[in-house]
Structure formats: C-alpha cells, structure tokens
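Student:
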Amino acid sequence: MKKQVVLLIMVQFIFAVISPAQNFTFHADAPFGIQVTRGDGSRGAQKVIFYDYDGDGDQDLLLSGLDQITSFDSWNDIHFFLEMQENIGDNHNPQFAPRDSIFEMLTLPRGYFLPSIGDLNNDGMPDFILGSDIDYIGNQTFLYAKGLGNNVFESTRMDSMGLPDFVPESVFMPELVDLDHDGDLDLIASGFMSAFAEEDGPDIPVFYYAKNNGSKNQPLFDGWYYYPYGLTPDPHIEMVTSGDIDNDGDIDFIGVTNLIPSDSLNHIYVHLNHPGQNGKPLFDTIPVASPFGLPTTFGATQLLSPDLVDIDGDGDLDLFVFEGNSQGLTLKYYENTLCIPTTTDVSQTICEGEVFTVGNESFSEPGEYNIHLENIQHCDSLVHLILDVLGPVSSNVEATICEGESYTVANETFTTSGNYMVHTITVAGCDSLIFLTLNVNPNSNTQLNETICEGESYSVGNESFSTTGNYMVLLSAANGCDSIVHLSLTVNETFNTPLTETICEGESYPIGNQSFDTPGHYDVVLSSQAGCDSTISLDLSVTHVDNSVTVIDILLTANLSGASYQWFDCDAGLIIPAETNQSFTPTATGNYAVSVTDGSGCSSLSACIPVIVSGIENASLSKAISIYPNPASEWITISNSNDLHVSALSLINLSGQLVKEVTNTNSGKMNISLLDNGIYFVKIKVNGFEITKKLIVLH
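Quick note, the sequence shown lines up with residues 268 to 966 if you use our numbering.
1. By how many angstroms is the C-alpha of S908 removed from the C-alpha of L962?
2. Evaluate contact between the stretch 577-586 and the stretch 608-626, counting only Cβ atoms and requiring at least three cross-stretch pairs below 8 Å.
3. Would G516 and L575 be called neighbours here (beta carbons separated by less than 8 Å)?
4. Would a C-beta distance cut-off of 8 Å place P472 and A462 closer than the cut-off?
5. For S733, I'd like the list of residues in its chain whose CB is within less than 6 Å of its CB, leaving aside the five on either flank, ordered along the chain.
6. Is it true that the CB of L654 sits closer than 8 Å to the CB of P633?
7. Using only CA atoms, which one of C697, I919, D402 and D579 lies nearest to H294?
8. Rank S482, F520 and I512 by C-alpha distance to the C-alpha of P495 and give the top, closest one.
9. List, from N- to C-terminal side, the alpha helix (DSSP H) runs of 4 residues or more that fit wholly inside the stretch 642-683.
10. Are the Cβ atoms of L703 and V660 separated by less than 8 Å?
11. Assuming H690 is part of the beta strand (DSSP E), what are its boundary residues?
12. Would you call the CB atoms of P542 and L549 closer than 8 Å?
13. Where does L381 land, buried or exposed, given buried means 16+ other C-beta within 10 angstroms?
14. According to the neighbour-count rule (16 or more other Cβ atoms, all chains shown, within 10 Å of its Cβ), is D451 buried or exposed?
15. Pull up the distance between the alpha-carbon of T904 and that of E957, whole angstroms please.
16. May I ask you to report which of helix, strand or coil DSSP gives L333?
17. Output the residue ranges of the beta strand (DSSP E) runs that lie fully inside the stretch 403-465 and measure 3 residues or longer, sorted by chain position.
18. Do you know offhand how far N686's Cα is from S673's?
19. Is L942 helix, strand or coil by DSSP?
20. Looking at the ligand GTP, does it come within less than 7 Å of S900, judged from the CB to the closest heavy atom?
21. In the DSSP assignment, find the beta strand (DSSP E) that holds A797 and state where it starts and stops.
22. Whole angstroms are fine: how far does the CA of N938 sit from the CA of N931?
23. Got a sec, what are the start and stop residues for the beta strand (DSSP E) H966 sits in?
24. Which stretch, first to last residue, makes up the beta strand (DSSP E) that contains L381?
25. Buried or exposed for I512, please, with buried defined as at least 16 other CB atoms from any protein chain shown within 10 angstroms of its CB.
26. Is the stretch 789-802 touching the stretch 842-855 in the sense that three or more CB pairs, one from each, lie closer than 8 Å?
27. My assumption, with CB atoms under 8 Å, is that G398 sits in contact with F439. Please give the rounded CB distance.
28. Measuring CA to CA, which of S831, H753, Q849 and I535 is closest to T864?
29. For H912, count the other beta carbons within 10 Å of its own beta carbon; 16 or more makes it buried, fewer makes it exposed. Which is it?
30. According to the neighbour-count rule (16 or more other Cβ atoms, all chains shown, within 10 Å of its Cβ), is Q849 buried or exposed?
31. Could you compute how far the alpha carbon of S870 sits from the alpha carbon of H788?
Here it is, written out as structure tokens:
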C-alpha cells in the first residue's frame, strides 16, 4: 500500500536564536476607530495606554489629557480626564468602540495627570498609579488608586506608603513594570527634578526606581533609588515606557525627550537590557537613538507619550506615539515588521513504500535532512527532518471471552473458539497481520431451593433476600464468565404467644423445659415444627395466702378473713372434724395448725402452734358466760348465768395489743363506740378464772 504524505508548513516556525531583523513602518494616523478627541473636538488626548481593562483577552485603549482650566490661581482649577475605548474586535483585528467616560469615580490628582495601569495587588482588578498630587506647600507625590471593581477606586497618597515626595516643580511620569522578574510590579518614575534650590537653575533628568519588596498581593516599597541597573536618561529630560522591543525576553525602555531646543532632532531613545550572569537587568549606558526605523522629528515637531503594544497579535511590539506641533497632536501608528529566521525540528515516521514531502522535496528513505524554506514573513526557515521508515508488522494475539460475548480485531468480530488471521493497518498507516487464537468459556447456571425463618435473610453474592419468592442473581465465575444463580426461597413464619397466668405460692408454671415460681415477665423461645422461633411471653402472678395465726391464751384465730379453714392436730397428724371456723379453742394440751384456703383456691398450712390447757380454765364456766350484743357498736354486756363476780374486762385486737381495760365493774359492761370495725378478743376475769370471748365490732 502506498501513500503520498504531504507536510504543509502553514504556521510560523519557532523563533531561532538569531539576531532579529525588525523594522518599524508608519502605518496610519489613529487607526482602528481611535478617537484622539471627542466628536465636538473637546478632551484632546495627550497620552494613550493600551491595556486589557475588561479582561476579555484583547487590548482596550485608555486616553488621558487636559480637560479644562478654569483659572490659573491654583492647581485645583486645572482639570484632567481619563476615558476608555473598548476593543470590540479581537487580538489580531482591533476595532475600538466610541469613547466612554467610565472613570468618573476615579479621584484625579490635584496637580498634573500622568497615569500608569496594572494589577498592583494581584486581585484581578486593574489599579492606577497617578502622577502627580501636589499638597498645599508644593510637595509632589504619586497617588495609588486601588481598583475595587465596577470602576470604583480607593486613592492613597504614596508618601504614606514609603515613597518620599518629589521636590516642588518636579515632573515625573509613573510606569508599573516587573523590572526584576520576581513576579510583582515595581515602579519607575521618569522625568526631571527641579533645581529648586537655585534660581533659574537647570532641571535635572532623573530615573527613579521603587522596588516592590512586598508580594504579588501586598505591595511594599522602601524608597526611591536613582538610575536602577544602570538605566540612565539622555542628557535631556526623558519620559519612558517599557516593553521587550528587541524580543529577547527581557524588559527594555523607550523614551522621548522634552523641552529640547527648537533646532534639534527629536528621537525615540531605546534603552536596551542585556541581563548579567545573575539574571538581573543591566541597561546600556548610552541609549540608542531611533533604531529599527523608529521615527525622528525636527525642530518644533515634538514626539510625546510613546506606548508599545502588540496591537495586531503577531508576536512583536508595535508603536503608538504622538507628534505635536503648533497645529495640535496627532497619534501615529508604526507597525513592527519583525523578520526572524527560524529553525524547527520535525520527526516523522512513514511506511515502507510511502514518501514524505516538505515544500517541494520528497523523501522515502530513513535519515536526517535539512530543508530551506521561506516562512510567511518571507524570512529564512530551516526544517531539520528526521525520517523513520517502518516495514510490515505482524503480531500474535491470544484472547479469552465468555459465552455470548464477541471479540473484535480491526473491523472483524468473532464469537466462537478458533484460530483467525486479520489484515489491518497500524496507527502509522502500515500493513499489519494479526494472528488471533480465541477461547470461549461457557457460562454456568445453578438452582437453589432454600428455606429460612421470618426475620432472617439469605445471601447470594452481594445480594440478600428475606421474602418468599423466586430470584435470579448474576455472579462472576472463577473463569471470569457469568454464573447465574436461580434461587427459590421459602420464608417460614415465626410465632409469638402471650400468656397471663396466676399460680399459688409454692407452685410453679412450666413452659418447655423451664419452670417459673416467682412473679414477673418471661420470654421463652421454643422451636416450631418448621424449625423457626416460637416465642411465649408469660406474665406470671403468684398468690400468697396469709397463714398467720393470732394466739390469745388458748384461743387460736387465723388472721386471713373471708377464707375457708380446717384445723389440724399436729401430734395426731389428723384433721379435727367440724373445726372449720376462723377461730379454734383446743380442749386439750397439744400442737395445732390451720389450713387457710382463699377465694382463688390457693391453700397454705400454718406452723404448728403449741397450746397448754391448764386447770385455770373451767369449761363449764366458759359456757355460762357470754357477750351480747355480738356484733356490737356502742356497748357490750357480759352475761353470767352463774352470777359470779366479774372483776375486770380487757379488750385485745388481732395483733395482741391491749386496746381497752375496765376493772372492778359491777355491771359487767364496756363502751366500745370509739373502736374501729374489726375482730377483737375480750378477756373476762371472773371468780379467779380468766375466760376469752371473740367480739365483732361493727358500726
């Protein structure tokens, strides 16, 4: 396969390190729509500055000059202006919109007006250095107008920023430039220092330098220095602007002279910078007068306010300068027609049988070649060509894919295992043979039938399932192919059974293998037939039966009322027939107990209570004495059928405490109106014997 490969060198080659052959040629007066004056002839500009004020990548135009003089009494009566023409074209084809008074909020100096522009504090907004502000005793200083955005500025006298005043009657023009290449803007002041101490003495041309010792964001100056890095003015007064006029990568200065004799030549002086070994600037001691075709005038025609700018975007600096005479000021545009021989290196690879063309020459063999051309600026251009020629290419490829996939080589696609040969073209455009060995691995399918309990989950790969259903999960097998798992999942129910139960004290409640005999809440987890949890929630109450007994002499009384009772003879181990009342009076000495059964059916047997029946107690006497009424609420009376003397009555509650006592009673009566409702025991002393009877008080 053969091709014709043609290299069209359509762009300007990289500048070689060869002395430039540049020339400034007059092009036009105030081109590109520049308005040196307004339409009514007012506000004639005396200085122009090109700067990308709106940040859109092209050069806008700032025009300044004298506006009007209302009187000559003070500097306050002299008024200046600053206006802008926006570049509405582009970097290569400028076109300026009409003048716009956008700087009305800028505080202009009280004195004369010579501006310089730059982003001094690196905040992205343009700042101005304005010269010069004059105080009430004639001292002069620059103003720093810091940009705040939206054409608003904050002005500060620079005598408060470490830069001393100029002597009265001096004139200096500021220029912001990074002279020492440290990344921040320094300040150059060019002009003259007045011979203030000598009447009619000569003015002294001076270049002052204020080095920015701060940072890109926080400017800081520490005074003025004379003649920085050898920069020396012409013997006449000179005001300068900066730019790399010789395209060697450093900052040069150009200036025009002022107040020269009318029979003299007026030059544009170029101060060329030839940095020393330490990289610091170093300027020629004697400036060059109007080199590179820069303009020269004679006599009354003066050159004023030069400004260097790459207005046409061709990589070199062009010149705008005012020519002034008795007829007024004219802004002149000089285009820089820079011609620099260039050298470029080209490395190219072609295929065997092809050719590579540079200009009118063609090459097909590997090697190094030098070709002389003419670039678009009609300058010599050397192309150094390194050519490599590639032969046919072949390669072996082994690939593995999965069932259902395909493998593509060039424009061919394969889906089955086998050996294939593919003819294609390399990225260099040469023939290429690819020998393909293709392996196709199968996919796998797995069926799972699983059962889980409610609340559990079943995982396949990174996926989890918790509800009954059929699922398909795509995994990757060890061979890198698909592994499809078909899951049939059954979720069995879990149970929760609530129970509320009551047992008698001493009993227990069984659940599964556990028994409970104290009150409380219990959760017992059992296993259902399906193997899932069956939870029984038991709330258990335990009934306690009060089996305590109150003993008064030989009268035994169970303390729990409203229950069923059965009295026992502990010594015989037998129940006492017919003794089923709450109280029991033994007739013989022995040990006795009572079984108390409450309304819920729970029973409790009391401890065995020893009782001694002595001769003091007379059974026939007890039967002869009774209490009435019983129950009673106000009074009780002791009935004694034997007419024996009752010597004392004692009233005792169920806790065995003495509540009331009456002695030496003849009537055998007792007032009980103040007693609480309940069961009491009355001890009756009669004829030397003591009889106990039960009394119920009920109001």
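Where a beta carbon is used, it is the ideal one built from N, C-alpha and C, also for glycine.
Please read all numbers here as calculations on a predicted model, not as lab measurements.
Tutor: Concretely, from the data shown:
1. Position 695 of the sequence shown, counting from 1, holds the residue named residue 962. Position 641 of the sequence shown, counting from 1, holds the residue named residue 908. If you take the alpha carbons of L962 and S908, they lie about 19 Å apart.
2. Under the three-pair Cβ rule at 8 Å, the stretch 577-586 does not count as touching the stretch 608-626.
3. Residue 516 sits at position 249 when you count from the first residue of the sequence shown. Residue 575 sits at position 308 when you count from the first residue of the sequence shown. In this structure, L575 does not lie closer than 8 Å to G516 by Cβ.
4. Here residue 472 corresponds to residue number 205 of the sequence shown, with the count starting at 1. Here residue 462 corresponds to residue number 195 of the sequence shown, with the count starting at 1. Contact flag unset, no.
5. Here residue 733 corresponds to residue number 466 of the sequence shown, with the count starting at 1. S724.
6. Translated into positions along the sequence shown, residue 633 becomes position 366. Translated into positions along the sequence shown, residue 654 becomes position 387. Taking 8 Å as the Cβ cut-off, P633 and L654 qualify as a contacting pair.
7. Working through the sequence shown from its first residue, we reach residue 294 at position 27. Residue D579 is the option with its Cα nearest to H294.
8. Locating residue 495 in the sequence shown gives position 228, where the first residue counts as 1. Considering only alpha carbons, the answer is F520.
9. none
10. Numbered from its first residue, the sequence shown carries residue 703 at position 436. Numbered from its first residue, the sequence shown carries residue 660 at position 393. The answer is no: Cβ separation not under 8 Å.
11. Within the sequence shown, numbered from 1, the residue matching residue 690 stands at position 423. Under the DSSP assignment, H690 falls in the beta strand (DSSP E) whose first and last residues are G685 to I692.
12. Counted from its first residue, the sequence shown places residue 542 at position 275. Counted from its first residue, the sequence shown places residue 549 at position 282. Yes, Cβ-Cβ distance for P542 and L549 is below 8 Å.
13. Locating residue 381 in the sequence shown gives position 114, where the first residue counts as 1. In this structure L381 is buried. Its beta-carbon is surrounded by 16 or more other beta-carbon atoms within 10 angstroms.
14. Numbered from 1 along the sequence shown, position 184 holds the residue referred to as residue 451. Buried.
15. Looking up residue 904 in the sequence shown gives position 637. Looking up residue 957 in the sequence shown gives position 690. Cα-Cα distance, rounded: 16 Å.
16. Stepping through the sequence shown from its first residue, residue 333 is reached at position 66. If DSSP states are grouped into helix, strand and coil, L333 belongs with the strands.
17. 407-416, 419-424, 438-444 and 453-460
18. As a working mapping, residue 686 is identified with position 419 in the sequence shown. As a working mapping, residue 673 is identified with position 406 in the sequence shown. Distance between the alpha carbons of N686 and S673: 14 Å.
19. In the sequence shown, counting from the first residue as 1, residue 942 sits at position 675. Of the three classes helix, strand and coil, the one that applies to L942 here is coil, per DSSP.
20. Looking for the ligand GTP in the displayed structure turns up nothing, as the structure carries no ligands at all.
21. Your numbering for residue 797 matches position 530 in the sequence shown. Looking at the DSSP string, A797 is not in any beta strand (DSSP E), and its letter there is neither H nor E.
22. Within the sequence shown, the letter at position 664 stands for residue 931. Within the sequence shown, the letter at position 671 stands for residue 938. Those two C-alpha atoms are separated by around 15 Å.
23. Within the sequence shown, the letter at position 699 stands for residue 966. Per DSSP, H966 belongs to no beta strand (DSSP E) and is neither H nor E.
24. Taking the first residue of the sequence shown as 1, we reach residue 381 at position 114. Residues G378 to G385.
25. Within the sequence shown, numbered from 1, the residue matching residue 512 stands at position 245. Counting Cβ neighbours within 10 Å, I512 comes out buried, since at least 16 surround it.
26. no
27. Locating residue 398 in the sequence shown gives position 131, where the first residue counts as 1. Locating residue 439 in the sequence shown gives position 172, where the first residue counts as 1. Their Cβ separation, rounded to whole angstroms, is 6 Å, which keeps G398 and F439 in contact under 8 Å.
28. Against the sequence shown, residue 864 aligns to sequence position 597. Closest by alpha carbon: S831.
29. Start at 1 with the first residue of the sequence shown, and residue 912 comes out as number 645. Result: exposed.
30. Position 582 of the sequence shown, counting from 1, holds the residue named residue 849. Flag for Q849 reads buried.
31. For the purposes of this step, residue 870 is taken as the residue at position 603 of the sequence shown. For the purposes of this step, residue 788 is taken as the residue at position 521 of the sequence shown. Answer to the nearest angstrom: the Cα atoms are 24 Å apart.
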